[in-house]
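Numbering (UniProt numbering), first residue to last: 163 to 1000.
We treat Cβ as the ideally placed atom computed from N, Cα and C, and that holds for glycine.
Owing to the predicted nature of the structure, the values given are computational and were not obtained by experimental measurement.
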Ligand code: Z15
């Protein structure tokens, strides 16, 4: 928009060229300004929540400066950009992260305390943005932080759900789900863009028109329903860089061009009501981690997200380019799992139907821009949409998918000599007992130039199992990108005492952007004075966790105990059940000891947390079992301080920020070959917590980095699992396993009938995840934990080496690899004010 004829550029520049000041008085002025003019509250009296909102708005102003500069700079430079498409972003809180990345924690702390508010309390007033389920969504958020910090020209795209991940309430040991309406008091970190809107179409039919002298067919999609996507931008500041990336989330609202007929027929009220249905598209996040449901609303969400996103990306490109020739040199798109795969036919449709490109050119462009990440080999997670549903909701897309598949099958026959069953096995469309289905992973694979797994072992597995046939024809498409986490949030911000000790010891803060430097801690691992400092900071973090447990249970836990933590989504393959079975045995053993013998027991505080998908019956029973064991054990005076068990309700990002630093031991005990990577394992290691775990996912690489001797590794290897599964009916059941199971069965913890389905799932030749088989090895690993805890020096050394060896697991390293090997994008540090003036 032009400023008119009288635009005074000189004046504008002079006003804009300096950033808002970050001295304490300027910050205080800005906070008080927002109390009065944004919140419209009294300058003289505001509570912690109002202080939080005012401080957040003051910080938001500073983010917007950088956001504007970065985006102007990118427009001016027009480099290749990368877009990260994800149905989930599990951001957690933003306030402390933004303060830290902008380097203004100290002045804000002083500003707030000068006004009479404590930073800690102000921070606690912020609610989590929980627009994700677990690992996959949190990975997307860590990636944004790294992309901004590395100055990459990157945007995230997703959905602004009105209800995020449900709040878990545990009542009488049972999980209850409560809605997370997180926008009640407004979300200060987003910028609404009422003018950035796109129509998104659904249903209807396709008509064909012969056109022009070449008789080319032109497809027109006459949609039956249309909604509007509205953009909400969330600034993502890099750590001490001028870059501020963008996370653009779409919300649905009714479209302007109402069905006027309905109004004219006199039913005014019900046509308004009908229109409100549009908003339901972005109302709620699906809370299932890894069970494909096939719900129509979910498919609508996926199309809504990618359609708005692609229209936005194409619009941005066309602003600066006259044709599509350069599109693949300017755009890279990463599909976070198959959830955004409809972006592929949507781009084909936009290029062919709306921009009149031919199939060949459109396909050439499409296959050069998309790449795809797989996050699991579990078959129940793989998306397969019924053809009938896709046809009904997106008739034009279904035609395009058929065309893609037809050409793909031709290529398999002609260029690769594939026919018969093998051809059918590779087809994007498959006939099943429920009718024809679209295999989304195959569609993503066929159209992507690269597919990657998320840890070395997982990337190898996908080539041997779910994508074997594809690896045979396109081995060069397959890559590994081992996950990482951002050390800004997961070390510097959540564990300041440890961060300070690291900085003091290394003599530099550079590890905050170069995590490999942590290996410099290795030489101090056996230094007694350093070990004492290390023990001191661990103690501080344990006190915080202990306070959390006190708030939740009223108990004062034994600070000398091993704080033993398993926090993650509840799932059979993660084997929380195996964890609690070993707790049952430990309890039983303590009970059978004499008081004299009990003196030698290493005390433990077992902490388990995580949400069960609302429809996942067995997972919910596992929660009830943990609660039942907890109740019996914790009130047993004979056991006393030697064993306590807590289920932490509503595990989320901000609880993780307290729990992870405060842990001594963390459990990563999935059946080998089932956990694609895991990312909490990396967060725990960074914070000096020792891993008890299987050779699964990224545990394998963590062992390479920090040394197997510094972890408690147990269980069978992935390569043994298929064979053991075959034979599991005939395997000898471990007697201790049987004993623990019997205690539950016999009602030791009450509710015995309720636990039958759980017990059935691991006995009688079932036990898909091989709990019984790994149990003995697990118990032995637990023994090693106890004996090594007794020698404080040994334990501290291992704790230090865990942190020292976690440098590889920074998402900065991961993102650098994606940028070089897949996206081919380069850092673009903004250099205001030139960019700002464009
Ligand atoms: C999810 O959180 C993960 C995989 C999935 O297929 C879905 Cl639907 C959700 C997790 C993996 O289980 C975990 O091992 C991995 O670390 C994480 O994605 C990020 O890659």
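Do you know offhand how far residue 237's Cα is from residue 361's? Position 75 of the chain shown, counting from 1, holds the residue named residue 237. Position 199 of the chain shown, counting from 1, holds the residue named residue 361. Each residue's alpha carbon lies about 24 Å from the other.
Under DSSP, the beta strand (DSSP E) around residue 379 begins and ends at which residues? The sequence position of residue 379 within the chain shown is 217, counting from 1. Bounds of the beta strand (DSSP E) holding residue 379 are 378-384.
Pull up the CB-CB distance for residue 500 and residue 606, whole angstroms please, since I reckon it's below 8 Å. As a first step, residue 500 must be located in the chain shown, where it is residue number 338. As a first step, residue 606 must be located in the chain shown, where it is residue number 444. Contact flag correct, Cβ pair sits at about 5 Å.
Going by beta carbon distance, what residues of the same chain come within less than 8 Å of residue 443, once the five residues before and after it are set aside? Within the chain shown, the letter at position 281 stands for residue 443. These residues qualify, in order along the chain: 389, 414, 459, 462, 463 and 466.
Looking at C-alpha atoms only, which residue of 472, 363 and 674 is the closest neighbour of residue 554? On the chain shown, residue 554 is found 392 positions in, with the first residue counted as 1. When each option's Cα is compared against that of residue 554, the closest is 363.
Look at the Cβ atom of residue 304, then the Cβ atom of residue 973, and state whether they are nearer than 9 Å. Here residue 304 refers to the residue found at position 142 of the chain shown. Here residue 973 refers to the residue found at position 811 of the chain shown. Contact flag set, yes.
Taking its Cβ as the centre, do 16 or more other Cβ atoms sit within 10 Å of residue 1013, making it buried, or is it exposed? A query on residue 1013 cannot be resolved here, the shown segment of the chain reaching from 163 to 1000 and no further.
Starting from the C-beta of residue 997, find all residues in its chain whose C-beta is less than 7 Å away, skip the five residues before and the five after it, and write them out in chain order. As a first step, residue 997 is located in the chain shown; it is residue number 835 there, counting from the start. Because residue 997 sits at a pLDDT of 46, beneath the cut-off of 50, its placement in the model cannot be relied upon, and the following sentence gives the value as read from the coordinates. Excluding residues up to 5 positions away in sequence, 231, 234, 235 and 238 lie with their Cβ nearer than 7 Å to the Cβ of residue 997 in the same chain.
Examine ligand 1 and report whether any of its heavy atoms sits within less than 8 Å of the Cβ of residue 457. Numbered from 1 along the chain shown, position 295 holds the residue referred to as residue 457. The beta carbon of residue 457 sits no closer than 8 Å to any heavy atom of ligand 1.
Exposed or buried, what is residue 816 when buried is set at 16 or more other beta-carbons lying within 10 Å of its beta-carbon? Residue mapping note: residue 816 aligns to position 654 of the chain shown, counting from 1. Buried, by the Cβ-count rule.
Cβ neighbour criterion (16 or more within 10 Å) applied to residue 164: Position 2 of the chain shown, counting from 1, holds the residue named residue 164. Because the pLDDT of residue 164 is 48, which lies under 50, any placement of that residue in the model is unreliable, and the number read from its coordinates should be weighed accordingly. A residue is called buried once 16 or more other Cβ atoms fall within 10 Å of its Cβ, and residue 164, having fewer, is exposed.
Quick check: does the Cβ of residue 838 come within less than 8 Å of any heavy atom belonging to ligand 1? Translated into the one-based positions of the chain shown, residue 838 becomes position 676. Indeed, a heavy atom of ligand 1 lies less than 8 Å from the Cβ.
Considering only residues of the stretch 619-684, which uninterrupted beta strand (DSSP E) runs meet the minimum length of 3 residues and lie entirely inside it, listed in chain order? Counting whole runs of 3 or more residues, the stretch 619-684 contains the beta strand (DSSP E) stretches 640-642.
By the three-class DSSP mapping on this structure, what secondary structure does residue 333 have? Residue 333 sits at position 171 when you count from the first residue of the chain shown. It is a strand residue.
Reference residue 372; option with closest CA among 537, 224 and 382: The residue you call residue 372 lines up with position 210 of the chain shown. Out of 537, 224 and 382, the CA that lies nearest to the CA of residue 372 is found in 382.
How far does the alpha helix (DSSP H) with residue 532 in it reach, from first residue to last? Numbered from 1 along the chain shown, position 370 holds the residue referred to as residue 532. Looking at the DSSP string, residue 532 is not in any alpha helix (DSSP H); the run it does join, the beta strand (DSSP E), is 532-535.
Please classify residue 568 as buried or exposed, where buried requires at least 16 other C-beta atoms within 10 Å of its C-beta. Within the chain shown, residue 568 is the residue found at index 406, counting from 1. Under this definition residue 568 is an exposed residue.
Would you list the one or two residues that DSSP bridges to residue 594? Position 432 of the chain shown, counted from the start, is the residue given in the question as residue 594. DSSP output for residue 594 lists 597 as bridge partner(s).
According to DSSP, is residue 486 part of a helix, a strand, or is it coil? For this step, residue 486 is matched to residue 324 along the chain shown. Of the three classes helix, strand and coil, the one that applies to residue 486 here is coil, per DSSP.
Assign residue 859 to one of two classes, buried (16 or more other C-beta atoms within 10 Å of its C-beta) or exposed (fewer than that). As a first step, residue 859 is located in the chain shown; it is residue number 697 there, counting from the start. Under the 10 Å beta carbon count, residue 859 is surrounded by 16 or more other beta carbons and is classified as buried.
At which residues does the beta strand (DSSP E) containing residue 255 begin and terminate? Start at 1 with the first residue of the chain shown, and residue 255 comes out as number 93. Residue 255 -> no beta strand (DSSP E), and no H or E assigned at all.
Let's see if you can read the secondary structure: which residues bound the alpha helix (DSSP H) around residue 697? Taking the chain shown and counting its residues from 1, one reaches residue 697 at position 535. Annotation for residue 697: the continuous alpha helix (DSSP H) segment containing it runs 690-715.
Beta carbon of residue 330, beta carbon of residue 713: below 9 Å? Start at 1 with the first residue of the chain shown, and residue 330 comes out as number 168. Start at 1 with the first residue of the chain shown, and residue 713 comes out as number 551. No, Cβ-Cβ distance for residue 330 and residue 713 is not below 9 Å.
Reduced DSSP category for residue 498 - H, G, I as helix; E, B as strand; rest coil: Within the chain shown, the letter at position 336 stands for residue 498. DSSP places residue 498 in strand when its eight states are reduced to three.
Return the chain-ordered list of same chain residues with a C-beta closer than 7 Å to the C-beta of residue 524, the five sequence neighbours on each side being excluded. What you label residue 524 is simply residue 362 of the chain shown in a count that begins at 1. Excluding residues within five positions, the ones whose Cβ falls inside 7 Å are 510, 513 and 514.
Report, in whole angstroms, the separation of the C-beta atoms of residue 385 and residue 366, which I expect to be a contact under 8 Å. The count along the chain shown starts at 1 and reaches residue 385 at position 223. The count along the chain shown starts at 1 and reaches residue 366 at position 204. Contact flag correct, Cβ pair sits at about 4 Å.
Taking the beta strand (DSSP E) that residue 854 falls in, what are its first and last residues? Reading the chain shown from its first residue, position 692 is the one you call residue 854. Looking at the DSSP string, the run of the beta strand (DSSP E) that includes residue 854 is 852-855.
Is there contact between the stretch 957-977 and the stretch 874-886, where contact requires at least three CB pairs shorter than 8 Å? By the Cβ test, the stretch 957-977 is not in contact with the stretch 874-886, since fewer than three Cβ pairs between them sit closer than 8 Å.
Whole runs of the beta strand (DSSP E) within the stretch 248-318, excluding any shorter than 3 residues: You should have 251-254 and 291-293.
How close, in whole Å, do the beta carbons of residue 830 and residue 872 come, if the pair is a contact with beta carbons under 8 Å? The residue labelled residue 830 in the question sits at position 668 within the chain shown. The residue labelled residue 872 in the question sits at position 710 within the chain shown. Rounded to the nearest angstrom, the Cβ distance from residue 830 to residue 872 is 14 Å, too far for a contact under 8 Å.
Buried or exposed by the 16-neighbour rule on C-beta atoms within 10 Å, applied to residue 336: Locating residue 336 in the chain shown gives position 174, where the first residue counts as 1. It counts as exposed.
According to DSSP, is residue 809 part of a helix, a strand, or is it coil? Numbered from its first residue, the chain shown carries residue 809 at position 647. Collapsing the DSSP output to three states places residue 809 in a strand.
For residue 700, count neighbouring Cβ atoms within 10 angstroms of its own Cβ and tell me buried if that reaches 16, exposed if not. By one-based count along the chain shown, residue 700 stands at place 538. The residue is buried, with at least 16 neighbouring Cβ atoms inside 10 Å.
Separation of residue 282 from residue 767, as counted between CA atoms: Counting from 1 along the chain shown, the entry for residue 767 is found at position 605. Counting from 1 along the chain shown, the entry for residue 282 is found at position 120. Rounded to whole angstroms, residue 767 to residue 282 spans 26 Å at the Cα level.
Could you spell out the range, first to last residue, of the beta strand (DSSP E) harbouring residue 830? For the purposes of this step, residue 830 is identified with residue 668 of the chain shown, where counting begins at 1. Residue 830 -> beta strand (DSSP E) spans 827-830.
By Cβ distance below 6 Å, which residues in the same chain neighbour residue 905 in space, the five residues on each side in sequence not counted? On the chain shown, position 743 is the one that residue 905 refers to. Result list for residue 905: 746, in chain order.
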